[in-house]
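Note that this note's numbering numbers the sequence shown so that position 39 is 34, with each residue one more than the last. Glycine is no exception: its CB is placed at the ideal position from the N, C-alpha and C atoms. Presented below is the structure to which this report refers.
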Amino acid sequence: MSEPLSQHYHEILKGLGEDPAREGLRDTPKRAAKAMQYLCRGYQQSLEEIVNGALFESDNDEMVIVRDIELYSLCEHHLLPFIGKAHVAYIPTGKVLGLSKVARIVDMYARRLQIQENLTKQIADAVQQVTHAAGVAVVIEAKHMCMMMRGVEKQNSVMSSSVMLGAFRDSYNTRHEFLQLIGRNS
Ligand SMILES: [Zn+2]
-4 MSEPLSQHYH EILKGLGEDP AREGLRDTPK RAAKAMQYLC RGYQQSLEEI VNGALFESDN
56 DEMVIVRDIE LYSLCEHHLL PFIGKAHVAY IPTGKVLGLS KVARIVDMYA RRLQIQENLT
116 KQIADAVQQV THAAGVAVVI EAKHMCMMMR GVEKQNSVMS SSVMLGAFRD SYNTRHEFLQ
176 LIGRNS
């Protein structure tokens, strides 16, 4: 690694016209670096490690749905947060994923620099890859600080993105059932 992240935050403070030596800012570079590393910890994680064998035999072939997964990510264009909820569903074909694992998969990809569309796709592909499901659906609804705090300042706009794979793409009824269950009209 080159210079530690904290050194760069020191430069950022100067670039903003601040005095990094003043009392309130003395430990800020170190704290900011630590916070940023935490917010980007998804880079240190892998799908294998997250799932860690928590796949269970099941003859359930009904839709499994995990709603309202809290989501915190950083947009790769401005390094500002986007915050919202993810809804994930899949149709098992013999294997189901441990309950907490879906949320952990969402978190692993969210804790990287992202755009919402790619994040949605990566989550769907990961669930598909791990479960070999007959279909996977992911919907993310999020508010972007880069829209709310700067530029157009559209305080209440929520961005919505979705990826439908397999049965969710092919079958109107399956897609419709999922969208109903997450409280959206299709
Ligand atoms: Zn942005």
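Less than 9 Å between the beta carbons of residue i and residue j, yes or no?
i, j, result
"M143", "S152", "yes"
"M140", "H73", "yes"
"E99", "I45", "Reading off the sequence shown, one finds Arg at residue 99, where the question assumed Glu. Their beta carbons are under 9 Å apart, which means R99 touches I45 by this criterion."
"L42", "V125", "yes"
Taking residue i as the reference, which of the options has the closest Cα?
i, options, result
"G130", "P76, F163, P(-1), V101", "F163"
"K90", "A119, N55, R62, D102", "N55"
"Y38", "H72, A105, E(-2)", "A105"
"A121", "Y85, E136, K138, L108", "Y85"
"H127", "R62, D22, T88, Y33", "T88"
"Q111", "E57, Q175, E71, E18", "E71"
"E52", "D14, L92, T23, L176", "L92"
"I177", "R145, I60, L94, G10", "I60"
"T157", "L42, R179, L50, K29", "Residue identity differs from the one stated: residue 157 is Ser in this sequence, not Thr. Nearest C-alpha to S157: R179."
"Q109", "K96, S95, I78", "I78"
"A49", "P15, Y4, R36, K96", "K96"
Flag residue i as yes when its Cβ comes closer than 8 Å to any non-hydrogen atom of ligand 1, and as no otherwise.
i, result
"C70", "yes"
"L75", "yes"
"M142", "yes"
"H139", "yes"
For residue i, I'd like the list of residues in its chain whose CB is within less than 8 Å of its CB, leaving aside the five on either flank, ordered along the chain.
i, result
"R170", "A132, M159, F163, R164, S181"
"V101", "I64, L66, A81, V83, I118"
Let me see if you follow: with CB-CB separation under 9 Å, is residue i close to chain C or not?
i, result
"M144", "Here chain C cannot be found, since the structure has a single protein chain."
By the three-class DSSP mapping on this structure, what secondary structure does residue i have?
i, result
"A49", "coil"
"A84", "strand"
"A114", "Sequence check: residue 114 is Leu here, not Ala. In the structure shown, L114 sits in a helix (DSSP, three-state: H, G or I)."
"Q32", "helix"
"M154", "strand"
"Q124", "helix"
Spatial neighbours of residue i within its chain, please: C-beta separation below 7 Å, excluding the five flanking residues on both sides.
i, result
"L114", "S68, Y104, A105, I135"
"Q40", "M103"
Please work out which residues of its chain come closer than 6 Å, Cβ to Cβ, to residue i, disregarding the five sequence neighbours upstream and downstream, and give them in chain order.
i, result
"M(-4)", "Reliability fails at M(-4), whose pLDDT of 49 lies under 50, so the model's placement of it is uncertain and the value that follows must be treated cautiously. Contacts found: none."
"L75", "M140, C141"
"E172", "none"
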